[in-house]
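Report on the following structure.
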Amino acid sequence: MKRLWYQAGARGIVPFVSDTRTTPHAPVAAATAAVRRSAPAPAAGLSTLGLITVLTGAALPMLDFFIVNVALPTIDHDLHAGPAVLEMVVGGYGVAYAVLLVLGGRLGDMVGRKRLFLWGTAAFGVTSVACGLAPDAWSLVVARIAQGAASALMLPQVLATIQATTEGTRRTKALSLYSCTAGVAASVGQVLGGVLVSVDVLGTGWRSIFLVNAPVAVVALVLAVRTIPETRSERPSGVDVRGTLLLSVALISLLVPLTEGRATGWPVWSWVLLAVFPVSAVAFVVVERREEAAGRTPLIPPSLLRIHSVRSGLTVIVPFSIGWGGYMFVVAVVLQEGLRLGPMAAGLALLPLCLTFLIGSLAGPRLAARYGRGVVTAGSLLQAAGLVGLAATFHWGWDGLGAVGPAPALAVQGLGQGLLFPVAIRAVLSEVPVGQAGVGGGVLTTTQQAFMALGVATLGSLFLSLSGSMGMRDAVVVTLGVQLVAVALTVLSSLRLPRKLA
Numbered sequence: 020m021k022r023l024w025y026q027a028g029a030r031g032i033v034p035f036v037s038d039t040r041t042t043p044h045a046p047v048a049a050a051t052a053a054v055r056r057s058a059p060a061p062a063a064g065l066s067t068l069g070l071i072t073v074l075t076g077a078a079l080p081m082l083d084f085f086i087v088n089v090a091l092p093t094i095d096h097d098l099h100a101g102p103a104v105l106e107m108v109v110g111g112y113g114v115a116y117a118v119l120l121v122l123g124g125r126l127g128d129m130v131g132r133k134r135l136f137l138w139g140t141a142a143f144g145v146t147s148v149a150c151g152l153a154p155d156a157w158s159l160v161v162a163r164i165a166q167g168a169a170s171a172l173m174l175p176q177v178l179a180t181i182q183a184t185t186e187g188t189r190r191t192k193a194l195s196l197y198s199c200t201a202g203v204a205a206s207v208g209q210v211l212g213g214v215l216v217s218v219d220v221l222g223t224g225w226r227s228i229f230l231v232n233a234p235v236a237v238v239a240l241v242l243a244v245r246t247i248p249e250t251r252s253e254r255p256s257g258v259d260v261r262g263t264l265l266l267s268v269a270l271i272s273l274l275v276p277l278t279e280g281r282a283t284g285w286p287v288w289s290w291v292l293l294a295v296f297p298v299s300a301v302a303f304v305v306v307e308r309r310e311e312a313a314g315r316t317p318l319i320p321p322s323l324l325r326i327h328s329v330r331s332g333l334t335v336i337v338p339f340s341i342g343w344g345g346y347m348f349v350v351a352v353v354l355q356e357g358l359r360l361g362p363m364a365a366g367l368a369l370l371p372l373c374l375t376f377l378i379g380s381l382a383g384p385r386l387a388a389r390y391g392r393g394v395v396t397a398g399s400l401l402q403a404a405g406l407v408g409l410a411a412t413f414h415w416g417w418d419g420l421g422a423v424g425p426a427p428a429l430a431v432q433g434l435g436q437g438l439l440f441p442v443a444i445r446a447v448l449s450e451v452p453v454g455q456a457g458v459g460g461g462v463l464t465t466t467q468q469a470f471m472a473l474g475v476a477t478l479g480s481l482f483l484s485l486s487g488s489m490g491m492r493d494a495v496v497v498t499l500g501v502q503l504v505a506v507a508l509t510v511l512s513s514l515r516l517p518r519k520l521a
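Written out as structure tokens, the structure reads:
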């Protein structure tokens, strides 16, 4: 009996006929082998300066997802924002970013990744200035949504360009530096935010956390024109309009009510949107399968998700991102509102996590070459140990803890995160064909960003709700305990990764 399957190859996602009398995993194995055999040679190589330029583009969106956390109390005081609007300042950026990432990757495949990188970087600089000059709270929310959309144009081109212009050990190093950049930028964002707010550059206060992006974006634009080679898919497909709309509806209907529901008292519209989510999610899956079965290229090809390394890597990224996004938000609130640290002290308190994350990110890929997926498992266990240590520190040493008290636990946690994150990213991208680099990068970053935003919405809302009834100390201990469940899922998911990681 013959069956029609789909595989990722040099011409994209294409059908092939398989005999069902072979083993159940034969189609996926054939797809993986086809990726390795038929991927086209990389385009003109990416220079060291070009790599630095695209990594700058990777750092800016992640930096701005987190940099605002430490500045929220100051923004609230200056703009009289209120809890609901403050959550939109964080969540609006994350939702727009997550919704448009896959589309940004597809557009890069079509019109050129360098071109989209330039457009996205320019838009990011302009919208950052708009954030910094916002006259009121709702203007800031609108500017943050636009900034998230600009990030979604820029970031997918980074991974796609690395995939298309490097190979072998150079690609391995570039991907390691990418994951290191993304992880460290998240931690550095809150440190930098605290420093900038405290220094009050030229009297700009919190506005400097956004205005500082403008000169960086200008430098990145100048360098990108000279150092980044243009690449695009050999056989680009048109935009999957139905898939794009359904994915947007699904993400918005989930993330917006979870972000805003608690602060606005769970009005009727929030429940209506939550009811829309499962319907739109199922419709998206059905439409994508039909698109691929008809020989067209859907927004997220289901056959891409059947590649073992992609599927198993994403199952690690999902629980990690939920815990990471929520954790960074909760800790920022605890350090300032709970421990009464100023913005600079609150930011600097996270420095041990930044430093050990950097060490782990640099060491992780080298260790993975020897120990394989065990590095991800070990990193997850270290992260769990850090969370337990931090919960114990808060529970028994809350009074007079200061900025130094959490340092040991934060250092352990950062090391664990640094070990697992870059290796998981490499696993996801290791078998994605060059022709689908934009789609693969978009799927990875959308998954990461959407679930980070979900983490802020769920763990953040849980913490804020509990802090009103049981006090901030007990609330953060319970929230960290809930995050341990996500870490346990990360440990279990790591056991499904390929034993050897290239």
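Count along the sequence shown starting at 1, add 19, and that's the number in this note's numbering. Note that the Cβ used here is the ideal one computed from N, Cα and C, for glycine as well.
- Membership of Val506 in the alpha helix (DSSP H) is indicated by the continuous run 491 to 513.
- Membership of Gln355 in any alpha helix (DSSP H) is not indicated, and neither H nor E is assigned to it by DSSP.
- Taking all protein chains in view, the Cβ of Val287 is surrounded by fewer than 16 other Cβ atoms within 10 Å, so the residue is classified as exposed.
- For Ile247, the three-state secondary structure derived from DSSP is coil.
- The criterion of a C-beta distance shorter than 7 Å is satisfied by Gly212 and Val89.
- Between the C-alpha atoms of Val306 and Val114 there is a straight-line separation of about 22 Å.
- Annotated as proximal: Tyr112 and Arg163, with beta-carbon spacing under 7 Å.
- Per the coordinates, the alpha-carbon of Asp418 lies some 8 Å from the alpha-carbon of Leu358.
- In this structure, Val160 sits near Met107, with a CB-CB distance shorter than 7 Å.
- The C-alpha of Ala430 lies about 33 Å from the C-alpha of Thr185.
- Under the three-pair Cβ rule at 8 Å, the segment 239 to 254 counts as touching the segment 117 to 130.
- Rounded to the nearest whole angstrom, the CA to CA distance from Pro338 to Val109 is 20 Å.
- For Ile336, the closest of Leu516, Val496, Pro276 by C-alpha to C-alpha distance is Leu516.
- Scanning Ala411, Ala443, Leu126 for the CA closest to the CA of Val329 turns up Ala443.
- Residue environment for Leu273: buried (at least 16 other C-beta atoms within 10 angstroms of its C-beta).
- Less than 7 Å divides the Cβ of Tyr116 from the Cβ of Ala171.
- If you draw a straight line from the Cα of Val238 to the Cα of Leu370, it comes to about 26 Å.
- A straight-line Cα-Cα distance of about 21 Å links Ser206 and Ala169.
- For Lys519, the three-state secondary structure derived from DSSP is coil.
- Counting along the chain, Val258 sits inside no alpha helix (DSSP H), nor does DSSP assign it H or E at all.
- Counting only residues of its own chain and dropping the five nearest sequence neighbours on each side, Leu68 has a CB closer than 7 Å to the CB of Leu242, Thr246.
- Contact between the segment 432 to 446 and the segment 380 to 398 is present, with at least three C-beta pairs closer than 8 Å.
- About 28 Å separates the beta carbons of Gly345 and Gln176, which is beyond the 8 Å limit, so they are not a contact pair.
- Rounded to the nearest whole angstrom, the C-alpha separation of Leu174 and Gln468 is 11 Å.
- The alpha helix (DSSP H) runs of length 4 or more contained entirely in the segment 126 to 161 are, from start to end of the chain, 132 to 151.
- When the beta-carbon positions are compared, Leu178 and Gly460 come within less than 7 Å of each other.
- Going by beta carbons, Leu485 and Val497 fall inside the 7 Å limit.
- Leu215 and Ala365 have their C-alpha atoms roughly 12 Å apart.
- If you compare the alpha carbons of Leu318, Gly408, Gln402 with that of Leu434, the shortest gap goes to Gln402.
- With a contact defined as Cβ atoms closer than 8 Å, Leu240 and Ala141 qualify at about 6 Å.
- The C-beta of Met471 has 16 or more other C-beta atoms within 10 Å across all chains shown, which makes the residue buried.
- Exposed is the label assigned to Met489, since fewer than 16 other Cβ atoms lie within 10 Å of its Cβ.
- Take the alpha-carbon of Val210 and the one of Ile271: they are about 30 Å apart.
- Taking Ala410 as the centre and dropping the five residues before and after it, the same chain places the C-beta of Val496, Leu499 closer than 6 Å to its C-beta, in chain order.
- When rounded, the separation of the alpha-carbon atoms in Cys373 and Ala351 is 14 Å.
- A Cβ-Cβ separation of about 7 Å places Leu266 in contact with Val121 under the 8 Å criterion.
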